[in-house]
Amino acid sequence: MELPFIASLRVDQSKITGYLLNERTGRGKATFFLRLGFHAEDWETLAAALKAQARDNPVALTVDSPYGKRYSVDGAIGTPDNRQPRPKVRTVWILETGTEVPRLITAHPV
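Each residue of the sequence shown is one higher than the one before, counting from 16 in our numbering.
Structure below.
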């Protein structure tokens, strides 16, 4: 199954710079992404890689929540250093009730 509304994926800058690339708040996740060559100053590169990962792979898990439906997608991401093999991550997206824009909740290695 493909993530619904795949053309409308949203990745907030604060999710990338304040969490996924911030070792104080993102801890191990931030260390992982920083070691792959992603940097907060160029947060759009990680956002684009996570969107591409969601577009290129099927949904692995769907969970209903009080806020909407969460979708987990497992697959490889491209990296700034073109690392091979490409690292595998899980991205988690929420499609809030009444919206048509899946928003990134988190991402981590699998």
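Glycine included, every Cβ here is placed at the ideal spot set by N, Cα and C.
query: Three-state secondary structure assigned by DSSP to ILE31; result: helix
query: Nearest-angstrom Cβ-Cβ length linking PHE48 and LEU36, presumed shorter than 8 Å; result: 6 Å
query: Cβ shell of ARG50 (< 8 Å), same chain only, five flanking positions each side left out; result: none
query: Reduced DSSP category for ILE109 - H, G, I as helix; E, B as strand; rest coil; result: strand
query: Under 8 Å between C-beta atoms of LEU65 and THR106; result: yes
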